[in-house]
Amino acid sequence: MLYMVECGFADPTREDNWNEWYSGPKLAELLSMPGFIATQRYKALEPCPAPYLAVHSIESPSMFTNPNYKANGGGRFGDWEPSLMTNWSRRLFGPLREMPDVPADRLLAMTDSRGDGMPSDVIWLDGLGWDAVSEYRNALALDASVDKRGIAVVPKSAGSAPVAGVRLYAPLTEKRRA
Numbered sequence: 480m481l482y483m484v485e486c487g488f489a490d491p492t493r494e495d496n497w498n499e500w501y502s503g504p505k506l507a508e509l510l511s512m513p514g515f516i517a518t519q520r521y522k523a524l525e526p527c528p529a530p531y532l533a534v535h536s537i538e539s540p541s542m543f544t545n546p547n548y549k550a551n552g553g554g555r556f557g558d559w560e561p562s563l564m565t566n567w568s569r570r571l572f573g574p575l576r577e578m579p580d581v582p583a584d585r586l587l588a589m590t591d592s593r594g595d596g597m598p599s600d601v602i603w604l605d606g607l608g609w610d611a612v613s614e615y616r617n618a619l620a621l622d623a624s625v626d627k628r629g630i631a632v633v634p635k636s637a638g639s640a641p642v643a644g645v646r647l648y649a650p651l652t653e654k655r656r657a
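Numbering of the sequence shown is given in this note's numbering, commencing with residue 480 and proceeding in unit increments.
Written out as structure tokens, the structure is:
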């Protein structure tokens with residue numbers, strides 16, 4: 480199952496430091512928790528309200544009820560003021576167990592519509608609906624508003640010809656495993 484976290488960051492003067500923290504200690508902390516399998520972070524190539532994307536491969540949503548996760552995991556920003564994280568959303572997708580690796584020489588293409596423009600090898604994910612996330616929604620502020628999401632790993636050359644409705648992301652980190 481994929482746990483996708485999208486957000487922006489409100490202070491450009493501190494953004495590099497925030498990325499260093501999120502890509503370092505924050506991801507290490509998450510990967511040390513039971514239920515996390517792997518993780519990778521990305522940044523959108525084009526400006527958008529939530530340019531940062533973290534995709535965590537998790538065993539199941541039940542890990543969100545783990546006391547360690549509730550005390551130290553999602554929604555915790557270390558010493559960072561939570562108001563700096565803008566346009567924040569968290570969503571769960573299946574049935575894919577683990578996110579494909581996006582190496583530094585490739586991009587992640589992502590869309591929430593079935594329009595043209597995605598490569599033929601797109602992987603379609605099912606967004607978990609309100610019935611599936613309701614048990615965890617209040618604790619996590621999960622969003623179940625996306626029914627389908629398509630993802631594909633594409634060549635960097637795809638970034639030179641953007642397609643409407645398809646967001647392209649460059650990896651900020653390599654894929655890390657628990």
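Note that the Cβ used here is the ideal one computed from N, Cα and C, for glycine as well.
- Going by C-alpha positions, Arg576 is about 15 Å away from Arg655.
- Counting of Cβ neighbours within 10 angstroms places Cys486 among the buried residues, the total reaching 16 or more.
- If you draw a 10 Å sphere on the C-beta of Pro540, you find 16 or more other C-beta atoms in it, and that means buried.
- DSSP assignment within the region 495-568 yields the following whole alpha helix (DSSP H) runs of 4 residues or more, N-terminal first: 506-510, 546-551.
- Under the three-state reduction of DSSP, Gly573 is assigned to strand.
- Per DSSP, Asp490 lies in no beta strand (DSSP E) segment and is marked neither H nor E.
- Per DSSP, the beta bridge partners of Gly629 are Thr590, Trp603.
- DSSP places Leu647 inside the beta strand (DSSP E), whose first and last residues are 646-650.
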